[in-house]
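In the working numbering, the protein residues as written are 1211 to 1495.
Glycine included, each C-beta is placed from N, C-alpha and C at the ideal position.
Small disclaimer: the values here were computed from a predicted structure and weren't measured.
The structure appears right after this line, and notes come after that.
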């Protein structure tokens, strides 16, 4: 019995050592990651890049370095000056990832924190060089052009450090208080100029209306004068009759007007006595 227990103990020990050895010879690379090997006997980082899955290594002699190759965002802030010496606070959003085929060189030269070493430096450098070529107003009116130039220049610089930039965009752009006040004053002045133009146009239209009305009255007076020269006072009598008809129509429709007929001549006076005209009285309620 003791021999059996001894054999089982030795066997379990052998299995444990074997499992430990096998486990030490294997390593896993998860999705979105790549691995490079450091080999002590072969001069450091090997040129091969290991993809996703399980791989073998020589324990003690080799050591895997796992690196993330997925696209990640990075925000780069910068305070720089424009062509017209205005200070601008600008933020750049960069979507970046390492170049997989250059991972051994990237790790050998920059380590695993290469994004902290490279992106802020080249980002500020490109931002300052591109923004300095535009005026403050052009940064607002030509924002797409500025963003495209920054993207192009930044991609060229990132290639030297084995990085790929999938997207570059300006996310924040503000100026100093003095420049913002100048923009507000300019907008107010522009609105005031537009209002003055509207006032001038309105006055011109009113002047034209007065001229047109005066021309019409002059033509009417000329027509009346010609008519009077042709027909004498007949045109005046016609106007008087028309005015009398209009007044009579208004009085007929009014409830406060009463007509009193004229009184007859005194008794014994016969027909020779004159009669006074009737009276129109206004009766207020």
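- Counting only residues of its own chain and dropping the five nearest sequence neighbours on each side, residue 1340 has a CB closer than 8 Å to the CB of 1356, 1359, 1360, 1363.
- Note that the C-beta distance between residue 1304 and residue 1320 is not below 8 Å.
- Judged by beta-carbon spacing, residue 1239 lies within the 8 Å limit of residue 1262, meaning their Cβ atoms are closer than that value.
- Separation of the CB atoms of residue 1373 and residue 1314 is rounded to 15 Å, and the pair is thereby denied contact status at 8 Å.
- The beta-carbon distance between residue 1301 and residue 1285, rounded to whole angstroms, is 6 Å. This is short enough to meet the 8 Å contact definition.
- Contact between residue 1317 and residue 1268 does not hold, since the beta-carbon distance rounds to 19 Å and is not under 8 Å.
- Judged by beta-carbon spacing, residue 1346 lies beyond the 8 Å limit of residue 1289, meaning their Cβ atoms are not closer than that value.
- Residue 1310 has its alpha-carbon roughly 18 Å from the corresponding atom of residue 1265.
- In the DSSP assignment, residue 1283 forms a beta bridge with 1305.
- Bounds of any alpha helix (DSSP H) do not take in residue 1386, whose DSSP letter is neither H nor E.
- Residue 1294 and residue 1400 have their C-alpha atoms some 22 Å from each other.
- Distance from the CA of residue 1455 to the CA of residue 1426, rounded to the nearest whole angstrom, comes to 26 Å.
- Comparing alpha carbon positions, the residue from 1408, 1375, 1440, 1430 closest to residue 1281 is 1375.
- Residue environment for residue 1292: buried (at least 16 other C-beta atoms within 10 angstroms of its C-beta).
- Burial is judged here by how many other beta carbons sit within 10 angstroms of a residue's own beta carbon; residue 1251 has fewer than 16 and is exposed.
- Across the structure, residue 1353 and residue 1416 are spaced so that their CA atoms are roughly 44 Å apart.
- In terms of CA proximity to residue 1270, 1249 leads the group 1457, 1371, 1386, 1249.
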